[in-house]
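I have placed the structure first, in the form of structure tokens, so that the comments after it can refer back to it.
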Amino acid sequence: MIRRLNPARSCLALLAGLAFVSPSTLAALQPDDFPTRVELRLDGEGPWYRLDLPMALHFSARHADLRDLRVFNAEGETLAYALTRSGADERRALQEHALRRFPLKGAAEGGAVPSVRVERSTTGTLVQVLPEEPAPMGEQVRGWLLDASGVKGVLESLNLDWKGGGEGFQRFRIEASDDLQHWQSWGEGQVARLAFADQRIDQRDVDLPGRSARYLRLLWESPSVAPELTAAVVRASRESQPTAMAWSAPLEPVSVEPDQYRWELPLGLPIERLRVAVERPGSLLPVRVEARREGAPQWQPLASGLLYRLPEEGREVAQESIDLPGWMPVKELRLSVDPRAGGFGRQVPRLEVGMHVTRLVFLARGTPPFTLALGNADARHEALPLTTLVPGFEPARLDAMGRAEVVDLPRQAGAGAAKHPEGGRVPWKRVGLWAVLLAGVALLGAMAWSLLRRPAEER
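Read in order, the letters of the sequence shown correspond to residues -27 to -1, 1 to 432 in mature numbering (1 follows the signal peptide of the UniProt record, and there is no 0).
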């Protein structure tokens, strides 16, 4: 038995199907569909190239996960790519180790490093540290020896606690060794304990260069007023080099109130560190940082710290950065300053935001120049896993890959740039696709209406 199809129903079914068709399904995205396009310069051997994405490109994206990123060749073809943020994983992999500490005693007068006799176990762990010579009159603790021989990995930072020494800043030299005979300078460190009325502020963390060492030596610059260490904890990771950070250009606040400043980012990003320039000498600023997600009414506290620029022994010391947890997509930031310390004065602080670098790896194919494009709100995620893009991938291969550089970075969106302008360009291709789609829908609707109006016997 042959059943006759109802033309009206067929037209209606086709009309319903067209309603679910979008322009993105009618044609693949082209470079002109992205408001931000930058040319890439290649250096080294391919076919894989890597690029550490600057913060200006993150600000140009419409999605924090960079689903709207594409790489095109000169023919307009999209290239296969992968994204990786190894820095974030390394940060989570940090482990803390409590270190044994031994005082280094020496004469109160003179600046020589105290000579000591060290007893070690068969594993290299320190058992006892004794002065090499009898204790002279006026002996004092000139520094501390820290045993890190049981730590596997590289040393990223040091957290200290102490008693005595009074309030203020304590500076020291940091040296490292593997044999207790040959010492290498690791720079300088500083801790501080300050009080404002009923509030106490401690600065206990000291950054280390991200290298391995079995022993650390801390030598006070002013031993006579130095405190006594009561704890030393080192944070270590498995990586051999510190992770790189992507930083924004300085951002102006969008709101300035007495001792409170607010900034807006173009989109919510997992910011991990802030830098605030303290320009005025003699400034000491206890601060509190709060953040807000996009569309969220409530502020959430993220961190507190101490910013300063102070003279000390004929030179200037400064602390201008604050670490954030990095788990929250931050759209707005608010910095509150304790007014009892004097605040920023007439200076309007400018903020730099940073997070671990996102690395782009792409497979070059076709004719250069290659173009990186961003900013299409309708784009879907097309990034491949790195192990798929690079068969047999190992982390060591990243260093051997060719490098890509952005020829001309886009101008960074300024403070309060909450919207992403399309640059005044009319997307004619999309307009044309919508016109064709709507015309087809109108034609089919007219056909269906005409068929429905016919008498039943004519159908």
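C-beta atoms are modelled at their ideal positions from N, C-alpha and C, and glycine is treated no differently.
A quick note: this is a predicted structure, and the numbers were derived from the prediction, not measured.
Taking each of H70, S33, T344 in turn and checking the Cα distance to S122, the smallest one comes out for H70. Contact between L67 and A209 holds: their C-beta atoms lie close to 7 angstroms from each other, under 8 angstroms.
Distance from A250 to P322 at the Cβ level is roughly 7 angstroms; contact confirmed, criterion being Cβ atoms closer than 8 angstroms.
Burial is judged here by how many other beta carbons sit within 10 angstroms of a residue's own beta carbon; L247 has at least 16 and is buried. Runs of the beta strand (DSSP E) spanning 3 or more residues and lying entirely within the segment 323 to 367 occur at 324 to 329, 332 to 336, 343 to 347, in chain order.
Taking 8 angstroms as the cut-off, the Cβ atoms of Y54 and V363 do not count as close. For G255 and L283, the gap between their C-alpha atoms comes out near 5 angstroms. Within a 10 Å sphere around the beta-carbon of K136 sit fewer than 16 other beta-carbons, which makes this residue exposed. Sorting P259, P358, A29 by C-alpha distance to the C-alpha of L167 places P259 at the top. An exposed status is given to G141, since fewer than 16 other beta-carbon atoms sit within 10 Å of its beta-carbon. The Cβ atoms of V198 and G139 sit closer than 8 angstroms to each other. Taking the Cα positions, R177 is about 43 angstroms away from A346. The beta-carbon separation of P20 and L336, rounded to 6 angstroms, stays under the 8 angstroms limit for a contact. Around D232, the same chain offers S309, V310, P312, G316 as residues with beta carbons nearer than 7 angstroms, after the five sequence neighbours per side are excluded. If you check the CB distance, R253 and K304 do not come in under 8 angstroms. Measuring C-alpha to C-alpha distances from W300 to each of L275, P200, E293 identifies L275 as the nearest.
Straight across, the Cα-Cα distance linking E289 with Q163 is about 13 angstroms.
Taking the Cβ atoms as the reference, A377 lies roughly 7 angstroms from R14, within the contact range of under 8 angstroms. Between L191 and W117, the C-beta gap is smaller than 8 angstroms, which places the two residues in contact. For I174, the closest alpha carbon among the candidates R261, Q273, A37 is that of R261. Taking 8 angstroms as the cut-off, the Cβ atoms of A419 and L240 do not count as close. Annotation: H155 is outside any beta strand (DSSP E) and is labelled neither H nor E by DSSP. With a contact defined as Cβ atoms closer than 8 angstroms, V326 and I244 qualify at about 5 angstroms. Unbroken beta strand (DSSP E) runs of no fewer than 3 residues, entirely contained in the segment 117 to 147, are found at 127 to 136, following chain order. With respect to the 8 angstroms criterion, P298 and A29 are not classified as neighbours on the basis of their beta carbons.
Secondary-structure assignment with DSSP links F75 through a beta bridge to L118.
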